[in-house]
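Residue numbers (the numbering used here): 4 to 118.
In what follows, a single structure is set out as structure tokens and then discussed.
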Amino acid sequence: ALLLTFTFILISMGAVALAFCGDDSISGAVWLAWTFVADPGTHADAPEGFLVRFVSFSITVGGMLVFALMIGIISDYIGNKIDELKKGKSRVIESDHSVMLGWTDKSIAIIQQIS
């Protein structure tokens, strides 16, 4: 929730700054700010002017920070789940299944008979 709030604030403040510095409407500036957050290469097409490009660059750096934090959070979550699986804390269903060890050319026929 904190990351989403930070992203919303970044886009909102960036849009206000872009609307103030450039010739865009507020809706166009919001879209432009979102594209700067989501795609770091977008600021290369920013309108002329030092102030507009500085704001674009700042929004882009903030967007890279947002996505880096998001990747870190997701990676940590997946790592924790894998650790739980390694420790054997997952639920095991112990009924209504068959285990077949080894695979030969007759395995498919055996599987068809079982099912």
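Glycine residues also receive a C-beta, built at the ideal position from the N, C-alpha and C atoms.
* Would the stretch 52-66 and the stretch 9-20 be scored as touching if the rule is three or more Cβ pairs under 8 Å? -> yes
* Using alpha carbons as the reference points, say which of V69, G44, A36, G31 lies closest to A4. => V69
* **Simplified DSSP state of W34, which is helix, strand or coil** => helix
* To do: Keeping to the same chain, check which residues put their C-beta closer than 6 Å to that of I117; ignore five residues upstream and five downstream.
  => S101
* Are M103 and I113 close, meaning C-beta to C-beta below 8 Å? -> yes
* Range of the contiguous alpha helix (DSSP H) that encloses A20 -> 5-24
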